[in-house]
Amino acid sequence: MLYNWDEINRELGSPLKVREAVSNGEIYKVRRGLYSDKLSVSPFGIVAVKYPNAIITMDTAFFIHGLTDVIPDKIYLATKRNATRITDNDVIQVFLSDRIFEHGKIQIDYDGVAINVYDRERMLVEAMRNSKSIPFDYYKEIIESYRRISGELDCQKVEEYIAVFKRNQYLTNIFQREVL
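Residues 0 to 179 (numbering that gives the first Met the number 0) make up the sequence shown, in order.
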């Protein structure tokens, strides 16, 4: 489990007890202001706790959902357009309008940490929307993965997400041609 400073301080009772727990090996200081009861913590969990209002998207979400085996170099986070700029070197921030930000947001348990990530259906729409900027081989790998799980996808959800975006007829054509 990951804790921020306020949570661990509240749980243990004082900053002195936090320092004692760290020195005794009862908890581990993962980063400044972040503590864990496990020695090894997923970078996705760290980012999720550090930026609780952001949603994991793009390459990171494709990896989390098992649609690719390519481990992303950076963590992609979607934030609202008016959000504060993230200066973390390990994060690529994607600004989204309020009208599309929440669609497809789910919370899953990843390595013992609750993280916000877009569901597989929303990520399919994101792959189609960004098909021109994703390397061709990588895009094909993701689409192949979606073809394998097409029976598990909620097509109605995909169509609802497509309707939210501009160029929805274009996205519908890609969905029917490449996935179904």
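Even for Gly, the Cβ is constructed at its ideal location relative to N, Cα and C. A quick note: this is a predicted structure, and the numbers were derived from the prediction, not measured.
Exposure label - Val-48; buried when at least 16 CB within 10 Å: Here residue 48 refers to the residue found at position 49 when the sequence shown is read from its first residue. Buried, since its Cβ has 16 or more Cβ neighbours within 10 Å.
Beta-carbon proximity check, Lys-164 vs Ile-99, cutoff 8 Å: Here residue 164 refers to the residue found at position 165 of the sequence shown. Here residue 99 refers to the residue found at position 100 of the sequence shown. The sequence given here places Phe at residue 164; Lys does not occur at that position. A contact, by the Cβ cut-off of 8 Å.
Asn-52 in three-state terms, based on DSSP: Here residue 52 refers to the residue found at position 53 when the sequence shown is read from its first residue. DSSP places Asn-52 in coil when its eight states are reduced to three.
Stretch-stretch touch, CB-based, cutoff 8 Å, three pairs: the region 115-125 with the region 139-156: yes
Nearest neighbour of Arg-30, chosen from Gly-24, Ser-22, Val-40, Glu-10 [CA to CA]: As a position in the sequence shown, residue 30 is number 31, starting the count at 1. Ranking Gly-24, Ser-22, Val-40, Glu-10 by Cα distance to Arg-30 puts Val-40 first.
Through-space distance from Asn-52 to Gln-92, alpha-carbon basis: Taking the sequence shown and counting its residues from 1, the one referred to as residue 92 is at position 93. Taking the sequence shown and counting its residues from 1, the one referred to as residue 52 is at position 53. Distance between the alpha carbons of Gln-92 and Asn-52 is about 12 Å.
Residue burial classification, Gly-103 (beta-carbon count within 10 angstroms, cutoff 16): Mapped onto the sequence shown, residue 103 falls at position 104. Gly-103 should be labelled buried.
Contact set for Asp-36: own chain, Cβ-Cβ below 6 Å, skip 5 residues either direction: Against the sequence shown, residue 36 aligns to sequence position 37. Within the same chain, Asp-36 has close Cβ partners Met-0, Ile-26.
Length of the line joining the Cα atoms of Ile-54 and Tyr-2: As a working note, residue 54 is residue 55 in the sequence shown. As a working note, residue 2 is residue 3 in the sequence shown. Computed Cα separation, rounded: 18 Å.
Member of Asn-167, Gly-44, Ile-142, Gln-106 whose CA lies at the smallest distance from the CA of Leu-66: The sequence position of residue 66 within the sequence shown is 67, counting from 1. When only C-alpha atoms are compared, the closest one is Ile-142.
Complete runs of the beta strand (DSSP E) confined to the region 136-178 [at least 3 residues]: none
Unbroken alpha helix (DSSP H) run spanning Thr-67, endpoints: Taking the sequence shown and counting its residues from 1, one reaches residue 67 at position 68. Looking at the DSSP string, Thr-67 is not in any alpha helix (DSSP H), and its letter there is neither H nor E.
Segments assigned alpha helix (DSSP H), at least 4 residues, entirely inside the region 80-124: 97-100
Option in Asp-97, Ile-45, Gly-12, Glu-159 with minimal Cα separation from Arg-80: Position 81 of the sequence shown, counted from the start, is the residue given in the question as residue 80. Nearest of Asp-97, Ile-45, Gly-12, Glu-159 to Arg-80, Cα basis: Asp-97.
Rounded separation between Ile-7 and Ser-130 - CA only: Taking the sequence shown and counting its residues from 1, one reaches residue 7 at position 8. Taking the sequence shown and counting its residues from 1, one reaches residue 130 at position 131. If you take the alpha carbons of Ile-7 and Ser-130, they lie about 42 Å apart.
Residues bridged to Ile-74 [DSSP beta-bridge criterion]: Along the sequence shown, one-based indexing puts residue 74 at 75. Looking at the DSSP assignment, Ile-74 forms a beta bridge with Val-90.
Per-residue DSSP class, three states only, for Arg-31: Position 32 of the sequence shown, counted from the start, is the residue given in the question as residue 31. Of the three classes helix, strand and coil, the one that applies to Arg-31 here is coil, per DSSP.
For Leu-1, the first and last residue of its enclosing beta strand (DSSP E): Within the sequence shown, the letter at position 2 stands for residue 1. Unbroken beta strand (DSSP E) run through Leu-1: 1-3.
Beta-carbon proximity check, Met-127 vs Phe-94, cutoff 8 Å: In the sequence shown, counting from the first residue as 1, residue 127 sits at position 128. In the sequence shown, counting from the first residue as 1, residue 94 sits at position 95. Cβ atoms of Met-127 and Phe-94: not closer than 8 Å.
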